[in-house]
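Below is one structure; the comments refer to it alone.
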Amino acid sequence: MTSSVVAKVKQRRMADLVSLGKRLDERGLMDYREAQVETGVVEKAEGSARIRLGKTEVLVGIKIGIGEPFSDVPNQGVLTVNAELVPLASPTFEPGPPGEDAIELARVVDRGIRESKAIDLENLCIEPGKKVFIVFIDLYVLNYDGNLIDASALAALAALLNTKVFNYEVKEGEVQIKPGYKSLPIRNYPIAITFAKINDKLVVDPQLEEEQVMDARLTMTIEKDEKVCALQKAGNGYFRIQQISEAAKIARQKAAELRKLVVKK
Amino acid sequence: MTSSVVAKVKQRRMADLVSLGKRLDERGLMDYREAQVETGVVEKAEGSARIRLGKTEVLVGIKIGIGEPFSDVPNQGVLTVNAELVPLASPTFEPGPPGEDAIELARVVDRGIRESKAIDLENLCIEPGKKVFIVFIDLYVLNYDGNLIDASALAALAALLNTKVFNYEVKEGEVQIKPGYKSLPIRNYPIAITFAKINDKLVVDPQLEEEQVMDARLTMTIEKDEKVCALQKAGNGYFRIQQISEAAKIARQKAAELRKLVVKK
Amino acid sequence: MTSSVVAKVKQRRMADLVSLGKRLDERGLMDYREAQVETGVVEKAEGSARIRLGKTEVLVGIKIGIGEPFSDVPNQGVLTVNAELVPLASPTFEPGPPGEDAIELARVVDRGIRESKAIDLENLCIEPGKKVFIVFIDLYVLNYDGNLIDASALAALAALLNTKVFNYEVKEGEVQIKPGYKSLPIRNYPIAITFAKINDKLVVDPQLEEEQVMDARLTMTIEKDEKVCALQKAGNGYFRIQQISEAAKIARQKAAELRKLVVKK
Amino acid sequence: MPKKKVKKTANEKDIRHDGRKLNELRPIKIEVGVLGNADGSAYIEQGKNKILAGVYGPKEAHPKHLALPDRTRLRCRYHMAPFSVQERRSPAPSRRDIELSKVIREAFEPSVFTEYYPRTSIDIFIEVLQADGGTRCASITAASLALADAGIPLRDLVSACAAGKVDGRIVLDLDDKEDKEGEADLPLAYMSSQNAITLLQMDGMLTGEEFDQTMNLALEGCKQIYQLQKEALKAKYLEVKEAINKESEEQ
Amino acid sequence: MPKKKVKKTANEKDIRHDGRKLNELRPIKIEVGVLGNADGSAYIEQGKNKILAGVYGPKEAHPKHLALPDRTRLRCRYHMAPFSVQERRSPAPSRRDIELSKVIREAFEPSVFTEYYPRTSIDIFIEVLQADGGTRCASITAASLALADAGIPLRDLVSACAAGKVDGRIVLDLDDKEDKEGEADLPLAYMSSQNAITLLQMDGMLTGEEFDQTMNLALEGCKQIYQLQKEALKAKYLEVKEAINKESEEQ
Amino acid sequence: MPKKKVKKTANEKDIRHDGRKLNELRPIKIEVGVLGNADGSAYIEQGKNKILAGVYGPKEAHPKHLALPDRTRLRCRYHMAPFSVQERRSPAPSRRDIELSKVIREAFEPSVFTEYYPRTSIDIFIEVLQADGGTRCASITAASLALADAGIPLRDLVSACAAGKVDGRIVLDLDDKEDKEGEADLPLAYMSSQNAITLLQMDGMLTGEEFDQTMNLALEGCKQIYQLQKEALKAKYLEVKEAINKESEEQ
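Chains as they are written, first to last, in numbering that gives the first Met the number 0: chain A, 0 to 264; chain B, 0 to 264; chain C, 0 to 264; chain D, 0 to 250; chain E, 0 to 250; chain F, 0 to 250.
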């Protein structure tokens, strides 16, 4: 968010590059960085995954708790997504309660999972209206080099697929944990694809330096049947309607490719 | 709260005016501004009222909830008053948790309603010691031009008189809402009357510019039988005992007049 | 924490004094200030004590409440220690939530009581897993002139020995208070002894000016059978292993002396 | 609540639960310049939504280290009154409020000539007095008028409207019931003269075709709302003009 | 708790639950200069109330943008110890604490020559160690002495006392039981030499006549307390004088 | 969980629940320079502990009034991930976190030439990704390497290890189970070349003799860890050197 002369020069240079169809790291405008996903990295969590997307690193941990359902959906488990931009990840991250960027990140990832019905929440009811499982998804950003939403969403999906729920029985109103586990019931595989608009052109998977100069950002989350299940425009600029249609087309392709990294059939 | 030279000049001019029995807006010292009260302005709230007192505007919304009683009065409903000085109401209001002015406002309005027993709280008990109705009175200041206490207290009374409580029955310890409503049981009609002391004279219903130069402020809340049911002195100055007796006399008259605006018989 | 030239000069002078085995207030390096402990000073609290250690003053109040046990120790009462560095105690204390110094103080005092099993927490269970007594120990610093840990720990012990728990019976799951009291079951008497390291020498019971120049601080808490039950090193400097052994030896003597002030046999 | 599935006649199937047609906006009432203290203000009723927007600024940025050397700092607070919804809500800002404040602020950035006022800030305060679905869009519609009313130079007004999918049909301007029971909701903010989409979000599931259809319908809604905004501004100016004329006559 | 209504004899009806007469203060003990670090301090016991007040200042206002160009900024924090009441209370300031801090600060403003120390601040810290009704008045009584002890130039001491209505009778200086069970409580702060009421609040219901009677009784209480304050100050000065004399003799 | 008391043979009694000898560390894996943005970083696995440390600085102190005129301001945040422990914990810092942040910061002060960088600050951020007992010591071990990796001039590395008493035996490097079920835990941080103990805490009960024994065992542990730290640093330098050579070759 520097507005200095240097930034302006850099912005112009980056914009010129993009006009020529080029990017700083020699990717094509619609090339994704290499993504590496490793699951089961935090054994004490019920599910976990670590993603490296270029130099961006996110660790997602999933804990399962027991609590009360919301009163309007008494027979559904509860999903809660939280993001921490921990200060070792970037010189611009400050300790303290989540700011608007962390909250937006968590809510966009939440939306993709929730709207695509990725988790079968009805399967997570223990006693209707009284006790249900709570799925805590914690997005833990370890190194920030751009495109946190896509990295976090992908790692969250990988972690969900890696999650085990303990067996239990209910005795006299108390939940008792029994030996053994079963997988979390996952029914859909939402993938977030983010575009940056630079000099009126779209690039996919922006790295940090591109985010610093972009006019605007658009995230489209695509579920397994190619439906759009979440959208988020951000940034100080705007999009034209054609750009959004173009983005939707590319998002479907990219989502299918990325999905293969975490959904093994 | 500016303490600049300009403010001093203005203060002197205003003080001189008051000495002559005059005010900026040509009111007499003991004239109230015109008050307009409209009820039922927020249909989703159980009760609501909007007041315009000169340019001061306050919206009061009342919500009815169900919760636990206080342990020392297990058979009484709960009354809670909250004030928000939302930042669009004045350039001096800041977003964030209520400061001392908002808290004082809420507590003085609360005191008048509570001490005059305006709400029959025993009538709001569902199951003694376990479940009672909670009456949330939210004072929402929309434009600040002085005398928030009187405006808020009057709108709160109007909103209370406008409040409907849903019917219910208790089945197996659970409260079930049934069709239909009845009025909130209102037993008294407290009216707050506020005086500012300027140049050792009292004026009623101070507008913002008067509040900025006043030495001190005194609010007397008068209930339907002309008893005093709440007092609050504020501001950096003081009152003489004669001034308080004088204020009490006038407060009774003014309260009777204002009460007619909201209590229709 | 001033780092000015003045502070440096003062530091050197104090350090020189300590080298000569002398202290500002003419104590020997291993002399404690006079401690006066008075109990029962807050009659509404279940237990209380006020200590004056030189000019340091701490008031400890103990309240007994009823609440839920921790799930991993369902048959034990709950101990909670809180410290308030209230702003009238020192020009350097600010109003607001406890900072790191207050939190460290509370936790070191807590550790001594907890680890020495001073309170028989199993005796404070009402209904296993459901209702237990909570012992709230509030350390209230009234004047700060150094060595808050020792003063607070000693006053906390005196207050615990002074604490009465009300009688009760359980009727239909509800705790009912009955007339009469019994003493809190106290089984051990931990005493904290704090050393400051100045110019590579140890002094016991540092006063404020010594704390301002000390390199490091070491607190050893000693229980009734001379076992060490808590340690805390603080400050920007370090200790050598021989210094810690030396401190341990002296702490045992000093603890025995101080214990006599509050434990009467 | 059990929903009866009634067989619909040809006409019925294009009618929504509140009697509207599929592409029909809720009744909208807009007033500009409604607050005494704010530099600019506007009030909107859209269906049962009642929303007030106030603008202060440009004014010196405070605290100073937040000042931007080359432009104004836009700030925005979207806030809901405790009594604006069915169950009383805490007045403390929720995570949803914080996200909406951010995307609404970003929806206005392209419309404001921010470079005209370096080192200042402009505050947009939005208070939802009653909420019934689509508050973020109605808030933007009102706040854009408040910015204009404050005399802030704008490239154009920003108009906002949602479209979505309810009971399998693509519909305009969902109310709360449709939002909760429907399959998708897509709020969109648009600057007509710039052909610029400045806010775009979506909840739900839409095929590619449905998505295009929904976005286009939302754009249609924005264009209708744009006309209403301009009328509301004109009404305010006429009012001011009349007041001035009257004053001149009286003298 | 069921209260037995016992028929009272002539004498009994003027005696309160704790044996006091209607216009009798609780036993009061005041000490000035009790803290080592504060620039001024005082301690009061009034019935079972135990309250400590400390004053720091005048000192440079911090942060600087809070400094007033023409006078000192008085600040006040009224705070209750967690163990000061029947059920342990959180040490975080309650809404009541915040209101009381405000009205107590405003009760002192007329007593301090604030214009003597522009750009500075004076902090008044009040700690209620044990509470038994009437803490705000006892706090003011103590804090005024702490201000004097700090050498802050005062127009006069501020004295405070409540009166109220209990069991139909107008009584002075209510304790906690009377406050809770009574019909009205009216705390008042008074600067005797200025004939100035600097704090006035009321809970309850009083007719016009009762109101005048109660206010006058509270004023009577203030005047008695004023005498006790002056004695406490004198005791402090004598003590200091003795200490100085002793020192001189020893040399 | 009922614990069976099994009579142990001579050999068995020196073997711990996880098969370790009394004076044996858990398996340790250390990596230096693992983060892209931090000026220095390190990652440690010690048993099931997984901890990441990052260092930023020296950089201009912010806010400026916190700058120290004669040295750098060290700051430290010890933080646990919500999923690092059995039951999900809130990401807000607990009182334990705040105490540990303080003592860890103080454990580093003697190791850093703070006087080299007046008016600056150095931030040490520690994230516990998985916790299994002894996290404060493992955090120090990693963070000291992160400081070195950031190029901050150090008197020496700080190495940390706990010893304690479990089932009556003095043992090295307790895991979570031993910590919870054991009789005492004594974490210690040590700067070898300076013979300086920079952190020392203890929970539990130890006689004088046991205390000396435990402290000495913890020191032994620190010395072993010191070797591992140096190896990890060397590995990093070799890696860097190789990378540079490779680059030169390629040109």
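Every residue gets a Cβ at the ideal spot worked out from N, C-alpha and C, and that includes glycine.
Checklist entry - Do you know offhand how far F257(F)'s Cα is from A117(B)'s? => result Residue 257(F) cannot be examined here, being either before or after the span of chain F that is shown, 0 to 250.
Next on the checklist: Assuming contact is defined by CB atoms lying nearer than 8 angstroms, are E59(D) and T113(D) in contact in what I supplied?
Outcome noted: The sequence position of residue 59(D) within the fourth sequence is 60, counting from 1. The sequence position of residue 113(D) within the fourth sequence is 114, counting from 1. No; because the gap between Cβ atoms is not below 8 angstroms, this pair is not in contact.
Checklist entry - Along the segment 226-239 of chain C, what residues have a CB closer than 9 angstroms to any CB found in chain F? => result Here the close residues are K226, V227, C228, A229, L230, Q231, K232, A233, G234, N235, G236, Y237, F238, R239.
Next on the checklist: Can you look up M0(E) in the DSSP assignment and give me helix, strand or coil?
Outcome noted: Here residue 0(E) corresponds to residue number 1 of the fifth sequence, with the count starting at 1. Unreliable positioning characterises M0(E) in this predicted model, as indicated by a pLDDT of 37, which lies under 50. A coordinate reading is not provided.
Next on the checklist: Measuring alpha carbon to alpha carbon, tell me which residue in R168(E), L173(E), G150(E), H16(E) is nearest A161(E).
Outcome noted: Working through the fifth sequence from its first residue, we reach residue 161(E) at position 162. Looking at the Cα atoms, L173(E) is the closest of the given residues.
Item to check | Euclidean distance between Cα positions of M214(D) and I190(B) | outcome: Here the question's residue 214(D) lines up with position 215 in the fourth sequence. Here the question's residue 190(B) lines up with position 191 in the second sequence. Our two residues, M214(D) and I190(B), have alpha carbons roughly 53 angstroms apart in a direct line.
Checklist entry - Residues in its own chain within less than 6 angstroms of A154(C) by CB, not counting five upstream and five downstream? => result Residue numbering aside, residue 154(C) sits at position 155 when the third sequence is read from its first letter. Excluding positions up to five away in sequence, the list reads A48, I50, V57, V59.
Next on the checklist: Given this structure, state the Cα-to-Cα distance separating S143(E) from V157(E), to the nearest angstrom.
Outcome noted: For this step, residue 143(E) is matched to residue 144 along the fifth sequence. For this step, residue 157(E) is matched to residue 158 along the fifth sequence. In this structure, the CA atom of S143(E) is about 6 angstroms from the CA atom of V157(E).
Checklist entry - So E105(E) packs on G234(B), CB below 8 angstroms; how close in whole Å? => result Position 106 of the fifth sequence, counted from the start, is the residue given in the question as residue 105(E). Position 235 of the second sequence, counted from the start, is the residue given in the question as residue 234(B). Sure, about 6 angstroms apart at Cβ, within 8 angstroms.
Checklist entry - Name the chain C residues whose beta carbon is nearer than 9 angstroms to that of E219(F)? => result In the sixth sequence, the residue the question calls residue 219(F) occupies position 220. Within chain C, no residue has its beta carbon less than 9 angstroms from that of E219(F); the closest one is some 12 angstroms off.
Checklist entry - What's the C-alpha gap between Y116(F) and L73(F)? => result Counting from 1 along the sixth sequence, the entry for residue 116(F) is found at position 117. Counting from 1 along the sixth sequence, the entry for residue 73(F) is found at position 74. In a straight line, the C-alpha of Y116(F) is about 11 angstroms away from that of L73(F).
Item to check | Extent of the continuous alpha helix (DSSP H) to which F238(B) belongs | outcome: In the second sequence, the residue the question calls residue 238(B) occupies position 239. Counting along the chain, F238(B) falls outside any alpha helix (DSSP H), and DSSP gives it neither H nor E.
Checklist entry - Is there contact between the segment 119-131 of chain F and the segment 38-55 of chain F, where contact requires at least three CB pairs shorter than 8 angstroms? => result The segment 119-131 of chain F is in contact with the segment 38-55 of chain F.
Item to check | Chain-ordered residues of the segment 67-92 of chain B with a beta carbon less than 8 angstroms from chain D | outcome: Answer set for the segment 67-92 of chain B: N81, E83, V85, P86, L87, A88, S89, P90.
Next on the checklist: To the nearest angstrom, how far is the alpha carbon of A159(E) from that of G56(F)?
Outcome noted: The residue labelled residue 159(E) in the question sits at position 160 within the fifth sequence. The residue labelled residue 56(F) in the question sits at position 57 within the sixth sequence. Distance between the alpha carbons of A159(E) and G56(F): 55 angstroms.
Checklist entry - What is the DSSP secondary structure of E116(E), reduced to helix, strand or coil? => result Sequence index remark: in the fifth sequence, residue 116(E) carries index 117 (1-based). Here residue 116(E) turns out to be Tyr, not Glu, going by the sequence shown. Correct three-state label for Y116(E): coil.
Item to check | Segments assigned beta strand (DSSP E), at least 3 residues, entirely inside the segment 196-245 of chain C | outcome: For the beta strand (DSSP E) assignment, the uninterrupted runs of no fewer than 3 residues enclosed by the segment 196-245 of chain C are, from N- to C-terminal side, 200-203, 215-221, 227-233.
Checklist entry - Is it the case that the Cβ atoms of L146(D) and V102(D) are separated by a distance below 8 angstroms? => result To locate residue 146(D), count along the fourth sequence from 1; it is residue 147. To locate residue 102(D), count along the fourth sequence from 1; it is residue 103. Taking 8 angstroms as the Cβ cut-off, L146(D) and V102(D) do not qualify as a contacting pair.
Item to check | Residues of its chain near L65(D), where Cβ-Cβ distance is below 8 angstroms and the 5 sequence neighbours each way are ignored | outcome: What you label residue 65(D) is simply residue 66 of the fourth sequence in a count that begins at 1. Contacts found: R72, S120.
Next on the checklist: I'd like to know whether the C-beta atoms of L141(B) and F132(B) end up nearer to each other than 8 angstroms.
Outcome noted: On the second sequence, residue 141(B) is found 142 positions in, with the first residue counted as 1. On the second sequence, residue 132(B) is found 133 positions in, with the first residue counted as 1. No, the Cβ-Cβ distance between L141(B) and F132(B) is not below 8 angstroms.
Checklist entry - Whole alpha helix (DSSP H) runs in the segment 73-158 of chain B with 4 or more residues, listed along the chain? => result If one requires a minimum length of 4 residues, the alpha helix (DSSP H) runs lying completely within the segment 73-158 of chain B are 99-114, in chain order.
Item to check | Closer than 8 angstroms to chain F by CB, N146(A) | outcome: In the first sequence, counting from the first residue as 1, residue 146(A) sits at position 147. Any Cβ of chain F closer than 8 angstroms to the Cβ of N146(A) would place that residue at the interface, and such an atom is absent.
Checklist entry - Listing by chain order, which chain E residues have their CB less than 7 angstroms from the CB of A44(C)? => result Taking the third sequence and counting its residues from 1, the one referred to as residue 44(C) is at position 45. The contacting residues are F82.
Item to check | Coarse secondary structure for E268(B), derived from DSSP in three states | outcome: Outside the shown range of chain B, which is 0 to 264, sits residue 268(B), and nothing can be said about it.
Checklist entry - How big is the Cα-Cα spacing for E241(F) and S89(A)? => result The sequence position of residue 241(F) within the sixth sequence is 242, counting from 1. The sequence position of residue 89(A) within the first sequence is 90, counting from 1. Using only the alpha carbons, I get a separation of about 27 angstroms.
Checklist entry - Is the CB-CB distance between D144(C) and G35(E) below 8 angstroms? => result Translated into the one-based positions of the third sequence, residue 144(C) becomes position 145. Translated into the one-based positions of the fifth sequence, residue 35(E) becomes position 36. When the beta-carbon positions are compared, D144(C) and G35(E) come within less than 8 angstroms of each other.
Item to check | Rounded separation between P309(F) and Q206(A) - CA only | outcome: This structure cannot settle anything about residue 309(F), because the visible part of chain F is limited to 0 through 250.
Next on the checklist: Check this for me: beta carbons of L52(C) and A158(C), under 8 angstroms apart or not?
Outcome noted: Counting from 1 along the third sequence, the entry for residue 52(C) is found at position 53. Counting from 1 along the third sequence, the entry for residue 158(C) is found at position 159. Not a contact, by the Cβ cut-off of 8 angstroms.
Item to check | Assigned secondary structure, V5(E) (DSSP; H/G/I helix, E/B strand, else coil) | outcome: Counted from its first residue, the fifth sequence places residue 5(E) at position 6. Only weak support exists for where V5(E) lies, its pLDDT of 45 falling under 50; the coordinates are left without a value.
Checklist entry - Are the CB atoms of F135(A) and T193(A) nearer to each other than 8 angstroms? => result Translated into positions along the first sequence, residue 135(A) becomes position 136. Translated into positions along the first sequence, residue 193(A) becomes position 194. Cβ distance not < 8 angstroms, so F135(A) and T193(A) don't count as in contact.
Item to check | Exposed unless 16 or more other CB atoms sit within 10 angstroms - verdict on G236(B) | outcome: As a first step, residue 236(B) must be located in the second sequence, where it is residue number 237. G236(B) should be labelled buried.
Item to check | Ranges of the beta strand (DSSP E) found wholly within the segment 12-87 of chain E, counting only runs of at least 3 | outcome: Complete beta strand (DSSP E) runs here, min 3: 27-31, 39-45, 48-59, 72-79.
Checklist entry - Is the distance from the Cβ of A288(B) to the Cβ of L183(B) below 8 angstroms? => result Because chain B is modelled from 0 through 264, residue 288(B) falls outside the range shown and cannot be assessed.
Next on the checklist: Could you compute how far the alpha carbon of T162(A) sits from the alpha carbon of N187(A)?
Outcome noted: Sequence index remark: in the first sequence, residue 162(A) carries index 163 (1-based). Sequence index remark: in the first sequence, residue 187(A) carries index 188 (1-based). Looking at the two C-alpha atoms, the distance is approximately 15 angstroms.
Item to check | Span of the beta strand (DSSP E) around K181(C) | outcome: Counting from 1 along the third sequence, the entry for residue 181(C) is found at position 182. Element bounds for K181(C): 173-182.
Checklist entry - How big is the Cα-Cα spacing for R70(E) and M13(B)? => result Position 71 of the fifth sequence holds residue 70(E). Position 14 of the second sequence holds residue 13(B). So the alpha carbons of these two residues sit roughly 21 angstroms apart.
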